[in-house]
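J.:
In our numbering, the protein residues as written are 362 to 500.
1) If you reduce the DSSP assignment to three classes, tell me which class residue 418 lands in.
2) Could you name the residues of the same chain whose beta carbon sits closer than 6 Å to that of residue 488, not counting the 5 residues immediately before and after it, in chain order?
3) In terms of residue numbering, what span does the beta strand (DSSP E) encompassing residue 440 cover?
4) Just verifying my parser: in three-state terms, what is the DSSP assignment at residue 491?
5) Report all residues from its chain with a CB closer than 6 Å to the CB of residue 494; omit the five preceding and five following residues, and keep chain order.
6) Per DSSP, which residues does residue 478 bridge with? Please list them.
7) For residue 496, which three-state DSSP category applies?
8) Would you list the residues sitting across from residue 402 in a DSSP beta bridge?
9) When you compare the CB positions of residue 479 and residue 468, do they come within less than 8 Å of one another, or not?
10) Looking only at C-alpha atoms, which of 483, 475 and 490 sits nearest to residue 402?
11) Confirm, please, whether the CB-CB distance from residue 441 to residue 499 is below 8 Å.
12) Please name the residue in 446, 491 and 497 whose C-alpha comes closest to that of residue 501.
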């Protein structure tokens, strides 16, 4: 579970995800999650499934570079980490059954807020099992 400003252990894979979002390179080790929300505003996803667990800004401009003339990507891109078991919003009233499976997604958005890509994340379960579970709860 991601908390506060902590960057998850899958941060290296996330960098590969961001590379894919910016330069269309296929280097990420986490499976892409096909969703009807790709191409739509991230707000639509969070209204239906709840708030993200964490958000980090993608800083495409290296330190010391001129942000006006730098030919890189948009520095306003964000990566949202969403979990089906969000400790900030989880209550027994909302989820009376004990939850054993968890769906963790990294959601890359552009400056306009539209979702570019979604990836399955896991540190404790096989990614294919997590992906299969995510497919049962997220459109």
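Glycine included, C-beta positions come from ideal geometry on N, C-alpha and C.
T.: Inspection of the coordinates gives the following:
1) Working through the chain shown from its first residue, we reach residue 418 at position 57. Residue 418: strand per DSSP, three-state reduction.
2) As a position in the chain shown, residue 488 is number 127, starting the count at 1. Here the set comprises 392 and 481.
3) As a first step, residue 440 must be located in the chain shown, where it is residue number 79. Run containing residue 440: 439-444, per the beta strand (DSSP E) assignment.
4) As a first step, residue 491 must be located in the chain shown, where it is residue number 130. Helix at residue 491.
5) For the purposes of this step, residue 494 is identified with residue 133 of the chain shown, where counting begins at 1. Correct list, in chain order: 462 and 464.
6) Residue mapping note: residue 478 aligns to position 117 of the chain shown, counting from 1. 469, per the DSSP bridge assignment.
7) Position 135 of the chain shown, counted from the start, is the residue given in the question as residue 496. Reduced to three states, the DSSP call for residue 496 is helix.
8) On the chain shown, position 41 is the one that residue 402 refers to. Answer is 475, bridged to residue 402.
9) Residue mapping note: residue 479 aligns to position 118 of the chain shown, counting from 1. Residue mapping note: residue 468 aligns to position 107 of the chain shown, counting from 1. Yes, these two residues count as a Cβ contact at 8 Å.
10) For the purposes of this step, residue 402 is identified with residue 41 of the chain shown, where counting begins at 1. If we check each option's Cα against that of residue 402, 475 comes out closest.
11) Along the chain shown, one-based indexing puts residue 499 at 138. Along the chain shown, one-based indexing puts residue 441 at 80. Going by C-beta atoms, residue 499 is not nearer than 8 Å to residue 441.
12) The requested residue 501 is not part of the displayed model; the chain covers only 362 to 500.
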